[in-house]
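Novice: This is the structure I want to talk about, given as structure tokens.
Protein chains: 2
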Amino acid sequence: MAQRQDNSANRLDDAARAGWLYYVGGNTQDEIAAKMGISRQSAQRLVSLSISEGLIKVRLDHPIGRCLDLAEQIKTRFGLSHCEVVPSDPGSTSSTIGVAEAGAAEIERWLKRPDPIVMAIGTGRTLKAAIEQLQPMECPHHKVVSLTGNIAPDGSAAFYNVIFNVADTVKARSFPMPLPVIASSAREREMLHGQPMITATLHLAAQAHITFVGIGHLGANAPLLVDGFITEAEHQELQKAGAVGEICGWVFDAEGRLVEGHTNNRVASAPIPSRENGLVIALAMGANKAAAIRAALLRSLANGLITDESTAATLLA
Amino acid sequence: MAQRQDNSANRLDDAARAGWLYYVGGNTQDEIAAKMGISRQSAQRLVSLSISEGLIKVRLDHPIGRCLDLAEQIKTRFGLSHCEVVPSDPGSTSSTIGVAEAGAAEIERWLKRPDPIVMAIGTGRTLKAAIEQLQPMECPHHKVVSLTGNIAPDGSAAFYNVIFNVADTVKARSFPMPLPVIASSAREREMLHGQPMITATLHLAAQAHITFVGIGHLGANAPLLVDGFITEAEHQELQKAGAVGEICGWVFDAEGRLVEGHTNNRVASAPIPSRENGLVIALAMGANKAAAIRAALLRSLANGLITDESTAATLLA
DNA sequence: TCCCGTCATGGGCAAATGTTCATCAGCTGC
DNA sequence: GCAGCTGATGAACATTTGCCCATGACGGGA
Numbered sequence: 001m002a003q004r005q006d007n008s009a010n011r012l013d014d015a016a017r018a019g020w021l022y023y024v025g026g027n028t029q030d031e032i033a034a035k036m037g038i039s040r041q042s043a044q045r046l047v048s049l050s051i052s053e054g055l056i057k058v059r060l061d062h063p064i065g066r067c068l069d070l071a072e073q074i075k076t077r078f079g080l081s082h083c084e085v086v087p088s089d090p091g092s093t094s095s096t097i098g099v100a101e102a103g104a105a106e107i108e109r110w111l112k113r114p115d116p117i118v119m120a121i122g123t124g125r126t127l128k129a130a131i132e133q134l135q136p137m138e139c140p141h142h143k144v145v146s147l148t149g150n151i152a153p154d155g156s157a158a159f160y161n162v163i164f165n166v167a168d169t170v171k172a173r174s175f176p177m178p179l180p181v182i183a184s185s186a187r188e189r190e191m192l193h194g195q196p197m198i199t200a201t202l203h204l205a206a207q208a209h210i211t212f213v214g215i216g217h218l219g220a221n222a223p224l225l226v227d228g229f230i231t232e233a234e235h236q237e238l239q240k241a242g243a244v245g246e247i248c249g250w251v252f253d254a255e256g257r258l259v260e261g262h263t264n265n266r267v268a269s270a271p272i273p274s275r276e277n278g279l280v281i282a283l284a285m286g287a288n289k290a291a292a293i294r295a296a297l298l299r300s301l302a303n304g305l306i307t308d309e310s311t312a313a314t315l316l317a
Numbered sequence: 318m319a320q321r322q323d324n325s326a327n328r329l330d331d332a333a334r335a336g337w338l339y340y341v342g343g344n345t346q347d348e349i350a351a352k353m354g355i356s357r358q359s360a361q362r363l364v365s366l367s368i369s370e371g372l373i374k375v376r377l378d379h380p381i382g383r384c385l386d387l388a389e390q391i392k393t394r395f396g397l398s399h400c401e402v403v404p405s406d407p408g409s410t411s412s413t414i415g416v417a418e419a420g421a422a423e424i425e426r427w428l429k430r431p432d433p434i435v436m437a438i439g440t441g442r443t444l445k446a447a448i449e450q451l452q453p454m455e456c457p458h459h460k461v462v463s464l465t466g467n468i469a470p471d472g473s474a475a476f477y478n479v480i481f482n483v484a485d486t487v488k489a490r491s492f493p494m495p496l497p498v499i500a501s502s503a504r505e506r507e508m509l510h511g512q513p514m515i516t517a518t519l520h521l522a523a524q525a526h527i528t529f530v531g532i533g534h535l536g537a538n539a540p541l542l543v544d545g546f547i548t549e550a551e552h553q554e555l556q557k558a559g560a561v562g563e564i565c566g567w568v569f570d571a572e573g574r575l576v577e578g579h580t581n582n583r584v585a586s587a588p589i590p591s592r593e594n595g596l597v598i599a600l601a602m603g604a605n606k607a608a609a610i611r612a613a614l615l616r617s618l619a620n621g622l623i624t625d626e627s628t629a630a631t632l633l634a
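These protein sequences, in sequence, are chains A and B. Sequence positions in the first sequence follow our numbering and run 1 to 317. Sequence positions in the second sequence follow our numbering and run 318 to 634.
Here it is, written out as structure tokens:
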């Protein structure tokens, strides 16, 4: 067992070393093989392992003119405090590519501040992808608070709740919400929210200086539905009620108005923190989310956005 | 002029976009060429431009990354051909931890070579610890030669002379030096070195392709003193003469110059093999050795180093 | 003890990448 | 208007990389 762990730890060490030699040191795989005393094929495997394990992180440090233009236009059109547009890869089917990296960079910028801040974190695939790009750092002076419950309907941990990942990576004090994401009734929600610890966490969330949220759509394969937070019937009801998107489970229509009744009566998430006193940045891209994003921005459910070029163009069209 | 700026800005924009598609998007250069409507060669040039312009930032998220960075800095600063930095264990008081293992790995890499080589070996605690980590192997085609005598002042075998251990473990032909470490006089040294077998061994040592040495300090509890190779009086004289360290008994000052006279007149060790034609790797770590290590590297008494993170940081400070 | 599944290894090959070189467009100065 | 220079371009070639596969080592279980 110890042997096993040694081996796998060594393997990662080796992968890191190979990845460093390759990407930072600029060696060829042959050179790496020679330096590490292994075959070229093994070196290749280590290099590729260093990528697949996420040891190597690549970031682009240059604002592309067109993206800057789009960002500026979106800021003006929707009255945002912050907007970032990353290049699109027309061929890629990834729904987070680029936005995750840019989101991570923005989160890091906030965490690097020496003065203590409260950062609120939503949930979702995009946010999770962003968190995975975070650089490990030491931020014991910041507080990171989750806006959503971390219990899935089947009782397991909600997979896309990322508060623990964040806290682990940046060593900040974390405030999860030990709640279901959507309660079984309005009554239950009130009861849960009445618990002193939850109340305190909700209070903290409301004070967040900076918030990062994902935006979910409510079309076919809506994340809320796929992840089992709502039933097929509820999904159809919500669609019938005009719902186009959701943030932390809070469902809104094409004008960005929260849908009255339905699941919104039972969502146990904290309200989206104030956009008057703080910055709420949404991370979202993709044609199928465009309507949801536009709606959220119209009513200022978020006052910041990180998206990609083609989504930005769609929003402006 | 405006035109010029536009062009160069566009070019950087394109470079950024190409670099992004390549590194973040994972496209091939052919795909980038197609998407951007340029030839593959142009795409290649843009990608390479994005690197040379520093637009693309690669980061390695692994403790080992810091070590590799330090190693690179030390190589540059001291003009070394080889440098390896192992992670420090802040809690450990061992003076060889990590370095011994890394040294053993490096020795093994050399011994794995199919073409015959001459490996010279110094002496000391660190080196002994490294040898103990060696994997048994069959290397009858290599020669291992000792740089130092193996007779302690009291006539016993010098404890930290490791040539026999090496030879045993790797089954190489070994060439020990049946001499005292420090002769009783310069005359005696000349006489001893005049013996045909010794002369042959010294000649062999001078040709070493690869040499591993330890570095000793000359502060309190200097190994030379503790092991009885020099007297308390000699120790004080050496310190007064500015000595800060020694390699194989050859004492040098803070600039890495061999101290004239004193014990250096009587040291029976072979001279340190050529750093022009071969690689001389020093294994050393620890705050109390830092001055000695720095001195040795400044004058290129060694052109390779294996050390630990905190020592590396000290060397660069 | 032996069998079988798992996994690392290195050979071989196709794809991708990097480099060199001849060419050519566009600009500068005469 | 023209020679000369600079820098971009793509063809051709050399190198490097990614991947598949046969092989063999290792470990767990019958």
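All C-beta atoms in this analysis are idealised placements derived from N, C-alpha and C, irrespective of residue type, glycine included.
To test your reading of the DSSP string, which unbroken alpha helix (DSSP H) runs of 4 or more residues are found completely within the region 535-571 of chain B?
Specialist: Runs of the alpha helix (DSSP H) lying entirely within the region 535-571 of chain B, each at least 4 residues long, are 540-543 and 549-557 in chain order.
Novice: Between A/Pro116, A/Ile107, A/Thr199 and A/Phe159, which lies nearest to A/Phe212 when the distance is taken from Cα to Cα?
Specialist: A/Ile107
Novice: Among the residues of its own chain, which have a CB less than 7 Å from the CB of B/Ser356, if the five just before and after it don't count?
Specialist: Around B/Ser356: Ala350.
Novice: What whole-angstrom Cβ distance do B/Lys374 and A/Asp61 have, given they're in contact under 8 Å?
Specialist: At roughly 5 Å, the Cβ-Cβ gap stays under 8 Å, so B/Lys374 and A/Asp61 are in contact.
Novice: So with CB distances below 7 Å, who are the chain A contacts of B/Glu348?
Specialist: Gly91
Novice: Since A/Lys57 meets chain B, which of its residues come closer than 7 Å, beta carbon to beta carbon?
Specialist: Arg376 and Asp378
Novice: Start and end of the alpha helix (DSSP H) containing A/Ser146?
Specialist: Premise fails: A/Ser146 lies in the beta strand (DSSP E), Lys143 to Ile151, not in any alpha helix (DSSP H).
Novice: Does the region 135-142 of chain A come into contact with the region 228-240 of chain A, if we say contact requires no fewer than three beta-carbon pairs (one atom in each stretch) closer than 8 Å?
Specialist: no
Novice: In terms of alpha-carbon separation, which member of A/Ile121, A/Arg294 and A/Ala296 lies closest to A/Pro176?
Specialist: A/Ile121
Novice: If you draw a straight line from the alpha carbon of A/Leu224 to that of A/Gly245, how long is it in whole angstroms?
Specialist: 10 Å
Novice: In whole angstroms, give me the CA-to-CA distance for A/Ser88 and A/Arg125.
Specialist: 18 Å
Novice: So with CB distances below 8 Å, who are the chain B contacts of A/Val251?
Specialist: Those within 8 Å of A/Val251 in chain B number zero; the least Cβ separation is about 32 Å.
Novice: Am I right that A/Leu283 and A/Ala130 are in contact with their C-beta atoms under 8 Å? What's the rounded C-beta distance?
Specialist: 6 Å
Novice: Are there 16 or more other CB atoms within 10 angstroms of the CB of B/Asn283, so buried, or fewer, so exposed?
Specialist: Here chain B covers residues 318 to 634 and nothing more, so residue 283 of chain B does not appear.
Novice: Would B/Asp330 count as contacting chain A if we go by Cβ distances under 7 Å?
Specialist: yes
Novice: Which residues, in order along the region 134-162 of chain A, keep a beta-carbon less than 7 Å from a beta-carbon of chain B?
Specialist: Gln135 and Pro136
Novice: Please state the DSSP three-state secondary structure of A/Leu258.
Specialist: If DSSP states are grouped into helix, strand and coil, A/Leu258 belongs with the strands.
Novice: On the CB-based measure, 16 or more other CB atoms within 10 Å of its CB, does B/Asn467 come out buried or exposed?
Specialist: buried
Novice: Below 8 Å CB to CB, which residues in the same chain sit around B/Leu555 once its five sequence neighbours on both sides are set aside?
Specialist: Cβ neighbours of B/Leu555 beyond the five flanking positions: Leu535, Ile547, Val568, Val576, His579 and Thr580.
Novice: Could you tell me whether any Cβ in chain A is nearer than 7 Å to the Cβ of B/Ile414?
Specialist: no
Novice: Where does A/Glu84 sit, in a helix, a strand or coil, going by DSSP?
Specialist: strand
Novice: Quick one: which chain B residues come within Cβ less than 7 Å of A/Glu101?
Specialist: Val341
Novice: I'd like the list of long-range same chain contacts for B/Ala333, defined as Cβ closer than 8 Å, with 5 residues on each side in sequence excluded.
Specialist: Ser367 and Leu372
Novice: What residues match up with A/Met119 in a beta bridge as DSSP calls it?
Specialist: A/Val144 and A/Ile210
Novice: Grab the span of the alpha helix (DSSP H) containing B/Pro380 for me, first residue to last.
Specialist: Pro380 to Phe395
Novice: Starting from B/Ile480, follow the alpha helix (DSSP H) in both directions and report where the run begins and ends.
Specialist: Ile480 to Val487
Novice: State the CB to CB distance for the pair B/Ser473 and B/Ile480, rounded to an integer number of angstroms; the pair is presumed to be in contact (CB under 8 Å).
Specialist: Not really, about 16 Å apart at Cβ, beyond 8 Å.
Novice: Which residues in chain B sit within 9 Å of A/Ala16, going by Cβ to Cβ distance?
Specialist: Leu377, Asp378, His379, Pro380, Ile381, Gly382 and Leu385
Novice: Could you say which of B/Asn538, B/Pro453, B/Ile589 and B/Ala417 lies nearest to B/Gly566 if we only look at CA atoms?
Specialist: B/Ile589
Novice: Leaving aside the five residues before and after B/Ala509 along the sequence, list all residues of the same chain whose C-beta is less than 7 Å from its C-beta, in chain order.
Specialist: In the sequence on display, residue 509 of chain B carries Leu and not Ala. If we look at B/Leu509 and ignore the five residues flanking it on each side, its Cβ neighbours are Leu496, Ala500, Ile515 and Ala585.
Novice: Kindly list the residues whose CB is nearer than 8 Å to the CB of B/Leu615, restricted to its own chain and excluding five residues on each side of it in sequence; keep chain order.
Specialist: Phe395, Glu572 and Gly573
Novice: Less than 6 Å between C-beta atoms, sequence neighbours within five positions excluded: which residues of the same chain meet that for B/Gln322?
Specialist: At B/Gln322 the pLDDT is 40, less than 50, meaning the model places this residue with poor confidence; the figure from the coordinates comes in the next sentence. Taken in chain order, the list of residues that qualify is empty.
Novice: Grab the span of the beta strand (DSSP E) containing A/Lys57 for me, first residue to last.
Specialist: Ile56 to Leu60
Novice: Could you name the residues that DSSP lists as bridge partners for A/Ile281?
Specialist: As computed with DSSP, A/Ile281 is found in a beta bridge with A/Phe212 and A/Gly304.
Novice: Could one say the Cβ of A/Pro180 lies closer than 7 Å to chain B's Cβ atoms, at least one of them?
Specialist: no
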